[in-house]
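Chemist: In the numbering used here, the protein residues as written are 35 to 205. Handing you a structure now.
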């Protein structure tokens, strides 16, 4: 049964940046799994807000697309229930371009007949991730003064679902 590896296997930036090429000759990755992030901007984009609360990365790392989606759902649900849909604008500033690969290794009897070992070790695409450098904004929430604390708490509830450490900045 094929299962997903743990998130800490992919949280460090160790491999070269890999993405789908627009030129077929240079496209070494043939098929990329669909990205689970459904929306990148939520709330009311046309309304003017005075304050922007940003979730900023303290260390360089990678965030898998399913971690981005789960934290997006948590923040959006908290904001829509406590603040109201027309009183905020929430945006994801990271896009998962980097393709994660896995060279599957089998164990058990006669596994040597089924796998190539490290001779053809490029791996198959298993997901995508956003590569985040130090100091990059991952999430931005725009609100007015009366909802600053609720937006800050909503962003704080998303940080356990994401790898790395973060700083919440209010401007």
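We treat Cβ as the ideally placed atom computed from N, Cα and C, and that holds for glycine.
May I ask you to report which of helix, strand or coil DSSP gives residue 35?
Modeler: Only weak support is given to the placement of residue 35: the predicted model assigns it a pLDDT of 44, under 50, and the value that follows is read from those uncertain coordinates. Residue 35: coil per DSSP, three-state reduction.
Chemist: Is the distance from the Cβ of residue 175 to the Cβ of residue 91 below 8 Å?
Modeler: No, these two residues do not count as a Cβ contact at 8 Å.
Chemist: Identify every residue that forms a DSSP beta bridge with residue 88.
Modeler: DSSP links residue 88 through a beta bridge to 174, 203.
Chemist: Closest to residue 88 by CA distance: which of 45, 130, 124 is it?
Modeler: Ranking 45, 130, 124 by Cα distance to residue 88 puts 124 first.
Chemist: In angstroms with no decimal places, state the Cα-to-Cα distance between residue 202 and residue 163.
Modeler: 22 Å
Chemist: Per DSSP, residue 159 is paired with what?
Modeler: 135
Chemist: Considering Cα atoms alone, identify which of 133, 185, 113, 110 is closest to residue 49.
Modeler: 133
Chemist: How many Å lie between residue 119 and residue 177 at the Cα?
Modeler: 11 Å
Chemist: Could you tell me the distance, in whole angstroms, from the CA atom of residue 161 to the CA atom of residue 67?
Modeler: 6 Å
Chemist: Can you tell me whether residue 137 is buried or exposed, with buried defined as 16 or more other CB within 10 angstroms of its CB?
Modeler: exposed
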